[in-house]
Amino acid sequence: MIVGGAQENTVSTCIGLRKLGHEVDLIIGTQTGPEGSLYDQARVAGVPITIVDELRRTPNPWLDVSACRALRGLFTSRRYAVVHTHSGKAGLVGRVAARLAHVPIIVHTIHGPSFYRYQNPLGNWAFRWAEQVAGACTTQFVSVADAMTEQYLAAGIGTTNRYVTVHSGMDIDAFVKARRDDSLRESLGISETDIVVGKIARLFRLKGHEFLFQAAPRIVAAAPNVRFLLIGDGVYRERFERQVAEMGLRRHFVFVGLAPPREIPRYVVLMDLLVHLSLREGLPRALPQALACGKPVVAFDVDGAREVCLDGETGLLVRPADVNGLAEAVIRLLQDTGLARRMGDRGRELVKDRFSEARMAQQLDELYRRLWGARH
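Numbering-wise (this note's numbering), the sequence shown opens with residue 1 and increments by one.
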């Protein structure tokens, strides 16, 4: 339950379904990290939590078999009507265990592909094969973006009628209604004349921070008062701080560190635009969050980003890993404030209703009822 998009979606799903009258248990592994934890948020909301110690993030054949056995026992004894899995590892082990326990309905949400182009060939094959095995145990796939459905179908996983897109829900009103907090701005050392480019992501591999660092000198040359606001923490923080210092750009970067999800709107509203540079994603939550605040976005054209970053309409799409294209897109929006404002306004209208927690919970409620009805 580290702080991350898939985990936030899972907690919001549990809370939303409980509000609709469902009995919901949240079953998780033990792993934590510098990214923070959502455990307390779920617990305070009254979601019953079961921890399966054997369920770990890193593949381990012995622990994975033990986790599958433990989950099968839980599913059998509790007699769930639906088991809904999230994330790659828990999704694989959980769905196999649910099939062995004869759970009537097995649903899996695809937050991002388990197999992707930046893996080594053996790893890519192994994860693709594992998803095909788990896919045979799946009643229905829920994709957070149409791009996920396309990728999984292309890999021979499932059939079209077993996929439905349900956008990841969040407290969108908190972003729509967010107002600038000057005291927060001052505490971050950001002046009234500074231009703020934000990024929300764990400080980890494949999140694309290195491309922002490479583009930064050109952006700073065009806009000397630019500040890069990095929200998130992770094992790469020390490395990144050292890197920008060595580049002589330390004063242009603000490392916020870990910010609880409820605090994110306070930071996003300080931004003039947001960049999202991950090389692997489903549909990044940071994009609708920024747009809900009326901020334009620049995003690598990866996975589901184009479904909310509409090129030339709500933001600018850039080819993955294209540092020059990234610099040009950011500079364009920093210099053309009218265009940036129009994109932000259009983005707010686009996401206001599509990404609410209530809508996500309602769509899942309807999906469960449809799948249950089809069995009787």
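The beta carbon of each residue, even a glycine, is placed where N, CA and C say it ideally should be. Just so we're clear, the structure is a prediction, and the values are computed from it rather than from any experiment.
Contact check, ILE49 vs ARG57, beta carbons under 9 Å: To locate residue 49, count along the sequence shown from 1; it is residue 49. To locate residue 57, count along the sequence shown from 1; it is residue 57. Not closer than 9 Å, so no.
Candidates ALA329, PRO265 and GLY169: closest to GLY5 by CA position: For the purposes of this step, residue 5 is taken as residue 5 along the sequence shown, with counting starting at 1. Among ALA329, PRO265 and GLY169, the Cα nearest to that of GLY5 belongs to GLY169.
Boundaries (first-last residue) of the alpha helix (DSSP H) holding LEU74: Counted from its first residue, the sequence shown places residue 74 at position 74. Element bounds for LEU74: 61 to 78.
C-beta atoms of GLY29 and ALA67 nearer than 9 Å: Start at 1 with the first residue of the sequence shown, and residue 29 comes out as number 29. Start at 1 with the first residue of the sequence shown, and residue 67 comes out as number 67. Yes, they are a contact pair.
Helix, strand or coil at LEU310 [DSSP, three-state]: Walking along the sequence shown from the start, residue 310 turns up at place 310. LEU310: coil per DSSP, three-state reduction.
Cut-off 7 Å between Cβ atoms - residues of its own chain near ASP301, not counting five sequence neighbours on either side: Mapped onto the sequence shown, residue 301 falls at position 301. Excluding residues within five positions, the ones whose Cβ falls inside 7 Å are LEU317, VAL318, ARG319 and PRO320.
N-terminal and C-terminal residue of the alpha helix (DSSP H) that ALA174 is part of: For the purposes of this step, residue 174 is taken as the residue at position 174 of the sequence shown. Run containing ALA174: 172 to 176, per the alpha helix (DSSP H) assignment.
Of the listed residues ARG218, TYR236, LEU364 and GLN132, nearest to THR159 (C-alpha basis): Mapped onto the sequence shown, residue 159 falls at position 159. Nearest option by C-alpha distance: GLN132.
Own chain, CB closer than 6 Å to PRO113, minus 5 neighbours either side, in chain order: Here residue 113 refers to the residue found at position 113 of the sequence shown. Hits under 6 Å: GLN151.
Beta-bridge pairing of THR109 - partner residues as DSSP gives them: The residue labelled residue 109 in the question sits at position 109 within the sequence shown. Answer is HIS86 and VAL142.
Three CB pairs or more closer than 8 Å across the region 171 to 190 and the region 333 to 340: no
Where PRO224 falls, given that 16 or more other Cβ within 10 Å makes a residue buried: Within the sequence shown, residue 224 is the residue found at index 224, counting from 1. So PRO224 counts as exposed.
Member of TYR267, PRO265, LEU229 and GLY257 whose CA lies at the smallest distance from the CA of LEU249: Numbered from 1 along the sequence shown, position 249 holds the residue referred to as residue 249. Out of TYR267, PRO265, LEU229 and GLY257, LEU229 has the C-alpha closest to the C-alpha of LEU249.
Local Cβ density within 10 Å of HIS376, reported as buried at 16 or more and exposed below that: On the sequence shown, position 376 is the one that residue 376 refers to. Result: exposed.
Whole-angstrom distance between ASP272 and ILE195, CA atom to CA atom: Taking the sequence shown and counting its residues from 1, the one referred to as residue 195 is at position 195. Taking the sequence shown and counting its residues from 1, the one referred to as residue 272 is at position 272. Using only the alpha carbons, I get a separation of about 6 Å.
Closest residue to LEU279 among LEU258, ALA290, ALA305 and PRO260 (Cα-Cα distance): Within the sequence shown, residue 279 is the residue found at index 279, counting from 1. Checking every option, the nearest Cα to that of LEU279 belongs to ALA305.
With 16 other Cβ atoms within 10 Å as the buried cut-off, status of ARG369: Within the sequence shown, numbered from 1, the residue matching residue 369 stands at position 369. Answer is exposed; the Cβ neighbour count stays below 16.
Distance between GLU246 and MET360 (C-alpha atoms, nearest Å): Against the sequence shown, residue 360 aligns to sequence position 360. Against the sequence shown, residue 246 aligns to sequence position 246. One C-alpha to the other measures close to 44 Å.
Length of the line joining the Cα atoms of MET350 and LYS295: Your numbering for residue 350 matches position 350 in the sequence shown. Your numbering for residue 295 matches position 295 in the sequence shown. Note that residue 350 corresponds to Leu in the displayed sequence, not to Met. For LEU350 and LYS295, the distance between alpha carbons rounds to 12 Å.
Buried versus exposed, by CB contacts within 10 Å (16 or more), PRO61: Translated into positions along the sequence shown, residue 61 becomes position 61. With fewer than 16 other Cβ atoms within 10 Å, it is exposed.
Limits of the unbroken alpha helix (DSSP H) element including ALA126: As a working note, residue 126 is residue 126 in the sequence shown. Here the alpha helix (DSSP H) through ALA126 covers 121 to 135.
Spatial distance of ILE231 from SER77 (CA atoms): Counting from one through the sequence shown, the residue named residue 231 turns up at place 231. Counting from one through the sequence shown, the residue named residue 77 turns up at place 77. Going from the Cα of ILE231 to the Cα of SER77 covers about 42 Å.
Backbone CA spacing between ALA290 and HIS102 [nearest angstrom]: Taking the first residue of the sequence shown as position 1, residue 290 is located at position 290. Taking the first residue of the sequence shown as position 1, residue 102 is located at position 102. Taking the straight line joining both Cα atoms gives about 42 Å.
GLY325 in three-state terms, based on DSSP: What you label residue 325 is simply residue 325 of the sequence shown in a count that begins at 1. GLY325 falls in the helix class under three-state DSSP.
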